[in-house]
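Below is one structure, written out as structure tokens; comments come after it.
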Amino acid sequence: MSSTLSLKTEFIKGIWKENPVMASLLGLCPTLAVTNAANNGLAMGLATTFVLLSSSLMISALRNLIPHQVRIAGYIVIIATFVTVADRFLAAYFPSISASLGPYIPLIVVNCLILGRQEAFSSRNGIGRSLLDSLGMGIGFIFVLVVLGIIREILGSGSIFGFAILGDWFTPWMVMILPPGAFLTLGILIALANWYNDPSRAKERRAVS
Amino acid sequence: MTEENLSQALPEQPETPKKPVKPKKEPRAKLYKPETPLILASSPHFHTRDTVPRIMWNVIAALVPATVLALVYFQWAAVGIILTSVSSALIAEMLVNRVKGESFTIPDGSALITGLLLALTLPPSFSLDGTALGSVFAIVVGKHFFGGLGYNIFNPALLGRAFLQASFPVPMTTWTWPLTARYVEVDGVTAATPLGLFKFEGVTSELSGLITGNISGSLGETSAIAIAIGGIYLLIRKYADWRIPLSFLMSTFLVSGAFWLISPESYPSPVFQLFSGGLMLGAFFMATDMVTCPVTARGAWIFGAGAGFILVIIRLFGGLPEGVMYSILLMNAFTPLINRYTRPKFFGEVRA
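Chains as they are written, first to last, in this note's numbering: chain W, 1 to 209; chain B, 1001 to 1352.
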């Protein structure tokens, strides 16, 4: 069953309505673990998007050649290849980012977001559509990671992307760069998004306008 | 997917003829609103004079001795922290009420208690903006994120303190001598708490200081006797379940006593354990929080015993000298489970 959405919605849906983190709660492990600074969130998001795009391209192109019974193993091999590429690339050109992300770059291979998109989308749709879908999902993922990273970095270290913005008067809340801060911030963000998307409120808005 | 299909398909459908005039906003049907709302409750239909505000104000009264001693020992530092904590708790409560569109819940006193309890667990040298942050966190996240008073799974004041402990670990463990202490030479000289002294330097403190409170420690936790007076008042008025403090203290005494008997040189005596740190304050005022402790009698015993066990383990083997906060919070998390497994039998019920 291939998708019948317009190309624009195919792209847009991943950014907000079917956002991998906010709506589907996929890929929470990197979301929670690496967003202690905006830089790390951005790097993680870009690496994941790269893997997502390239594996979508391969899998949608090969979708009729991969036997149904071994498709998961096939997808994982393809994903793992691109994860290795991303991992080695970061280690060679951005050693500091690679060091601060640690094991989470190799762990992209088990990110449900990626395998989920391949299984649910790329294996059933053409190359163009799959790339659009992956790009939307990737941008949605980067968006959440960067927002989380910015909030946590401001409160936890008093800086954005490594530049100090709050003066000496500010005592950083160390909890924000620790795991509890990740859970708290993500929980509050998802609550706000759900409140914003709440159908009953949407009805109110329509009634008013 | 279907939704998009519909929204795309819609414009192509034959449009219904436009209505000549805009439909007027229909006045909402007036619902019958009785003067006094009908309150439904399950049995037993006991009548009691206890209301939420009445209980809360009694708890506040019970906290007066500890608060007064905090003011005596730590003077202006205590005044600043207590006022900041209480006022920011009240303001946070008011703002949350406004956002949630509910009636103002300040008069029930619960926010005041949260603010006061949090202040009593802070070190006297703690910063005022940090105090306000902890207080707001306790009210907004600890209480209202879970649905408000009666729905919170964790004690809000302790959650606020845990947040501060994780955010500012150094100021939260920097202690000063009380201004009245005889050891003091310079105002506000830093000092380890008796538990810290024992843990890191192997020095025990005199029992007399632990009982009267003329020692370093958090604002309201130093004097065992002032806390016990307020706590026993609560137990007599039955606003706190006596089983919880009793089992908490007993379990601490027995577990630490067992370690002490094994090796008296390396472990402090159980009496020292009982009277030091925040145990008294925690056992009488925080573990007994009606919302977050088990409702059954057997559950209360389990709750106290578990908290005491965790406390001794943290104090003796953990990285921190004090563990009352974590022991109570952990048992708070177990409370729903304890309630479930200590459910009393129905009359005539045969358990399989």
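Virtual Cβ for every residue (Gly too), placed ideally from N, Cα, C.
Bear in mind that the values here come from a model prediction, so they are computed numbers and not experimental data.
Own chain residues within Cβ distance below 6 Å of residue i, not counting five before or after
| i | result |
| --- | --- |
| S1283(B) | For the record, residue 1283(B) in the displayed sequence is Ala; it is not Ser. Excluding residues within five positions, the ones whose Cβ falls inside 6 Å are P1245, F1248 and L1249. |
| G1217(B) | T1193 |
| P1171(B) | F1126 |
| D1418(B) | Outside the displayed span of chain B (1001 to 1352) sits residue 1418(B), for which this structure offers no information. |
| A1226(B) | P1065, A1066 and L1069 |
| L1006(B) | Note that L1006(B) scores a pLDDT of 47, beneath 50, so its modelled location is shaky; the value from the coordinates is reported in the next line. For L1006(B), where only same-chain residues beyond five positions count, there are no Cβ hits under 6 Å. |
| S1110(B) | M1056 and L1149 |
| Y1239(B) | I1055 and N1058 |
| R1340(B) | none |
| G1188(B) | Confidence in G1188(B) is poor, its pLDDT being 47 and thus under 50, which makes the residue's placement too unreliable to answer from. |
| T1342(B) | T1296, R1298 and G1299 |
| R63(W) | S123 |
| F1334(B) | none |
| I1082(B) | A1119 |
| W1242(B) | L1235 |
| S157(W) | P172 |
| M1331(B) | F1303, G1306 and A1307 |
Selected residue, minimal CA-CA separation from residue i, among the options
| i | options | result |
| --- | --- | --- |
| T48(W) | S122(W), M58(W), G27(W) and A33(W) | G27(W) |
| S96(W) | N40(W), F11(W), F170(W) and G158(W) | N40(W) |
| A1166(B) | R117(W), P180(W), D168(W) and L155(W) | P180(W) |
| G1323(B) | I1055(B), L1090(B), P1044(B) and G1196(B) | G1196(B) |
| Y1326(B) | M1056(B), L1159(B), V1068(B) and L1149(B) | L1159(B) |
| M176(W) | I114(W), I150(W) and A23(W) | I150(W) |
| Q1063(B) | G1220(B), S1266(B), I1039(B) and L1337(B) | Checking the displayed sequence, the identity of residue 1063(B) turns out to be Leu instead of Gln. For L1063(B), the nearest C-alpha among the options comes from G1220(B). |
| A1092(B) | L1112(B), Y1073(B) and I1082(B) | L1112(B) |
| L1329(B) | I1060(B), G1308(B), L1120(B) and L1261(B) | G1308(B) |
| I1310(B) | F1253(B), G1130(B) and D1129(B) | F1253(B) |
| F1272(B) | D1241(B), L1234(B) and R1315(B) | R1315(B) |
| S1276(B) | A1297(B), S1208(B), W1242(B) and I1302(B) | S1208(B) |
| G74(W) | A193(W), E119(W) and V34(W) | E119(W) |
| I190(W) | L32(W), K8(W), L7(W) and E10(W) | L32(W) |
| V109(W) | M174(W), V85(W), A193(W) and L132(W) | V85(W) |
| L1320(B) | L1116(B), F1198(B) and D1050(B) | F1198(B) |
| A193(W) | M44(W), S24(W), I76(W) and P67(W) | S24(W) |
| I79(W) | L53(W), P103(W), Q69(W) and P67(W) | L53(W) |
| P106(W) | P172(W), F94(W), S157(W) and R88(W) | R88(W) |
| F1317(B) | S1088(B), A1089(B), S1256(B) and L1116(B) | S1256(B) |
| L1281(B) | E1349(B), P1336(B), P1169(B) and L1122(B) | L1122(B) |
| T81(W) | F94(W), V34(W) and M58(W) | M58(W) |
| A1258(B) | F1146(B), I1313(B) and H1047(B) | I1313(B) |
Beta-carbon contacts of residue i that lie in its chain and below 7 Å, excluding the five residues immediately before and after
| i | result |
| --- | --- |
| S60(W) | S122, N125, G126, I127 and S130 |
| P1156(B) | T1114, A1138, I1139, G1142 and K1143 |
| S159(W) | E153 and I165 |
| N19(W) | G140 and V144 |
| S1266(B) | none |
| I1338(B) | P1294, G1299, I1302 and F1303 |
| F1163(B) | G1134 and F1137 |
| A38(W) | V146, G149, I150, E153, I160 and F161 |
| R117(W) | L52, S56, D133, S134 and M137 |
| S100(W) | N40 |
Identified DSSP bridge partners for residue i
| i | result |
| --- | --- |
| S159(W) | A164(W) |
Own chain, CB closer than 8 Å to residue i, minus 5 neighbours either side, in chain order
| i | result |
| --- | --- |
| W195(W) | R201 |
| A91(W) | S98 |
| W1260(B) | Y1267, P1268, S1269 and P1270 |
| Can you list, in chain order, the stretches of the alpha helix (DSSP H) that have 4 or more residues and sit fully within the segment 1117–1169 of chain B? | Counting only runs of 4 or more, we get 1128–1137 and 1156–1167.
| query | Is it a yes or a no for the segment 1094–1110 of chain B touching the segment 1074–1085 of chain B, going by three-plus beta-carbon pairs under 8 Å? | reply | Result no; under three Cβ-Cβ pairs closer than 8 Å.
| task | Output the residue ranges of the alpha helix (DSSP H) runs that lie fully inside the segment 1222–1269 of chain B and measure 4 residues or longer, sorted by chain position. | result | With a minimum length of 4 residues, the continuous alpha helix (DSSP H) runs that stay inside the segment 1222–1269 of chain B are 1224–1236 and 1243–1262.
| query | Along the chain, which unbroken stretches of the alpha helix (DSSP H) at least 4 residues long are found entirely within the segment 1265–1328 of chain B? | reply | Fully enclosed alpha helix (DSSP H) runs of 4 or longer: 1270–1275 and 1297–1317.
| task | Just list the beta strand (DSSP E) runs in the segment 50–110 of chain W, keeping only unbroken ones of 3 residues or longer that don't cross its boundaries, in chain order. | result | Taken in chain order, the segment 50–110 of chain W contains no complete beta strand (DSSP E) segment of 3 residues or longer.
| message | Taking 8 Å as the cut-off, does the segment 3–17 of chain W touch the segment 129–147 of chain W (at least 3 CB pairs, one atom from each stretch)? | response | Yes: at least three Cβ pairs fall under 8 Å.
| said: Ignoring anything shorter than 4 residues, give me the alpha helix (DSSP H) runs that lie fully in the segment 1077–1101 of chain B, in order along the chain. | reply: With a minimum length of 4 residues, there is no unbroken run of alpha helix (DSSP H) contained wholly in the segment 1077–1101 of chain B.
| Sequence ranges, alpha helix (DSSP H) only - wholly within the segment 125–195 of chain W, length at least 4 | Taken in chain order, the complete alpha helix (DSSP H) segments of 4 residues or longer contained in the segment 125–195 of chain W are 127–157.
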